[in-house]
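In my numbering, the protein residues as written are 516 to 981.
Quick reminder that beta carbons are idealized off the backbone N, C-alpha and C, glycines included.
Below is the structure:
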């Protein structure tokens, strides 16, 4: 069935969208493969599925292709293990492209949809993928690997890429030379936003319209892009990779990555973030009544949580020998404990390091994003420690009650102070799909020049060596 769209709702390349049965939950690794195979079986002339690599655990990396055009669009789902909305989004995009020839023949385009870049990590999140969708259940079962096991990053450059998932994506980028790459990410608590390696004029207006129609808050002061230039409300410009210290590499993310690797082919990359629990305040661009007091509060809470979690980690660590996956769960814990003190200092107006990397002007939206980010770092760390102690089958350090109190307190803060509200999976995927379609149309209009001044293939700061 064809359901008309409001003009401008998705993209000028498609004036209507398919009526899809809403996904009641995030698709698992197995469901992604099964649904993609079913699409290919129904559309054998226009869709195909091929294996482009394998994960560290040997799980196939599947690429779903739709169309036969000469211009390639690459969409990467599941780059972060705890951000599963992209799987639902690529299935939705495949249905759209199969239903509307203007997205394929009409645009001389082929859609290349990578179902999941980190299937091993996605499997580790399956305890919460199908619900219940409560903050406590999510964070007690949350998994995100340490920085060095995140396949989009290239801490030592493309030539030294260590993960098989990373090498598979790099090979795919060099094979396809796409005019557009979209990396599909998720925000656990906050709002939606887009990060671009090059400007796509008009995308901010498209995002605003899509977000308004679907009731998704836009993040106007995103923590991820705190120091980046804006290209319009909730659209940010990713700076070219360059050598910086560890704090900048992690907090500004301006390290060499698979986002910039296809830059040499003229590719524009769009990182599309969709929220799970929406918070309206992240879209409030008004001045704040007392910026410094709020920054002190955010920094103080992050320091207190970090001290508590560091102490609990030290108490728990001796009892983890023999616990399955203990090293993999401890890696992100150690990463978070490493960066949190520096973040607290960077945000604190009393620390005197404004001259090194001053904060931008702080609106209500910026402060809301920082508050959410500080609490997110703490509750993620607590959730990973909770899983470690639970898997150990005993708690001689007496850590579980303290971890439960911290998780419950931070989740209550999200709900009650920040007003976090769950956004249905189908709505998240619809938002993300429409943003991708808007980027597809806008990127298709321009010819981009690779090799911008100041950018090169040199290795940037190797994070793990600082």
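For residue i, the three-state DSSP class (helix, strand or coil)
i: residue 747; result: strand
i: residue 672; result: coil
i: residue 872; result: coil
i: residue 625; result: strand
i: residue 548; result: helix
i: residue 616; result: helix
i: residue 634; result: helix
i: residue 602; result: helix
i: residue 1054; result: With the chain represented from 516 up to 981, any question about residue 1054 goes unanswered, as that position is not in the structure.
i: residue 761; result: Note that residue 761 scores 47 on pLDDT, short of 50, meaning its location in the model is unreliable; the coordinates nonetheless yield the value given after this. Correct three-state label for residue 761: helix.
i: residue 651; result: helix
i: residue 503; result: Only positions 516 to 981 of the chain appear in this structure, which leaves residue 503 out of reach.
i: residue 581; result: strand
i: residue 779; result: helix
i: residue 936; result: strand
i: residue 720; result: helix
i: residue 692; result: coil
i: residue 733; result: strand
i: residue 942; result: helix
i: residue 659; result: coil
i: residue 930; result: helix
i: residue 752; result: strand
Cutoff 6 Å; reference residue i; Cβ partners in own chain excluding five residues on either side
i: residue 806; result: 877
i: residue 936; result: 793
i: residue 943; result: 600, 789
i: residue 606; result: 550
i: residue 797; result: 705, 706, 732, 734, 880, 883, 884
i: residue 643; result: 652, 653, 656
i: residue 845; result: none
i: residue 801; result: 879
i: residue 875; result: none
Under 8 Å between C-beta atoms of residue i and residue j
i: residue 888; j: residue 784; result: no
i: residue 904; j: residue 897; result: no
i: residue 872; j: residue 861; result: yes
i: residue 771; j: residue 672; result: yes
i: residue 739; j: residue 814; result: no
i: residue 662; j: residue 820; result: no
i: residue 892; j: residue 855; result: yes
i: residue 921; j: residue 823; result: yes
i: residue 1021; j: residue 703; result: Examination of residue 1021 is not possible in this model, given that the chain is present from 516 through 981 alone.
i: residue 568; j: residue 680; result: yes
i: residue 676; j: residue 687; result: no
i: residue 983; j: residue 750; result: Beyond the ends of the chain as shown, which are 516 and 981, falls residue 983; an answer cannot be given.
i: residue 940; j: residue 539; result: yes
i: residue 912; j: residue 831; result: yes
i: residue 827; j: residue 918; result: yes
i: residue 556; j: residue 579; result: no
Range covered by the alpha helix (DSSP H) that runs through residue i
i: residue 862; result: 841-862
i: residue 894; result: 879-907
i: residue 586; result: Here residue 586 belongs to no alpha helix (DSSP H); instead the beta strand (DSSP E) covers 586-591.
i: residue 643; result: 641-644
i: residue 813; result: 806-831
i: residue 798; result: Element bounds for residue 798: n/a, residue is neither H nor E.
i: residue 865; result: Residue 865 -> no alpha helix (DSSP H), and no H or E assigned at all.
i: residue 918; result: 915-927
Boundaries of the beta strand (DSSP E) in which residue i is found, first to last residue
i: residue 699; result: 695-705
i: residue 708; result: 708-711
i: residue 565; result: 562-569
i: residue 790; result: 783-793
Same chain, Cβ closer than 8 Å to residue i, five either side skipped, listed in chain order
i: residue 584; result: 619, 620, 622, 623, 624, 625
i: residue 678; result: 571, 664, 666
i: residue 951; result: 590, 604, 608, 697, 699, 785, 787
i: residue 957; result: 715, 716, 717, 718, 721
Residues near residue i by beta carbon distance below 7 Å, same chain, minus five either side
i: residue 839; result: 906
i: residue 612; result: 581, 582, 618, 619, 626
i: residue 544; result: 574, 631, 634, 637, 638
i: residue 866; result: 860
i: residue 925; result: 890, 893, 894
Residue i Cβ short of 7 Å to the ligand SAM heavy atom set
i: residue 740; result: The model depicted lacks the ligand SAM and carries no ligand whatsoever.
**OP:** Kindly confirm or deny that the stretch 621-636 and the stretch 587-603 touch, where touching means at least three C-beta pairs closer than 8 Å.
**Re:** yes
Original post:
How do the stretch 774-782 and the stretch 926-941 stand: do at least 3 beta-carbon pairs fall below 8 Å, yes or no?
Top reply: no
Original post:
Would you call the stretch 809-816 and the stretch 716-730 in contact, with 3 or more CB pairs under 8 Å?
Top reply: no
Subject >> Cβ pair count under 8 Å reaching 3, the stretch 726-733 against the stretch 687-697 >> reply: no
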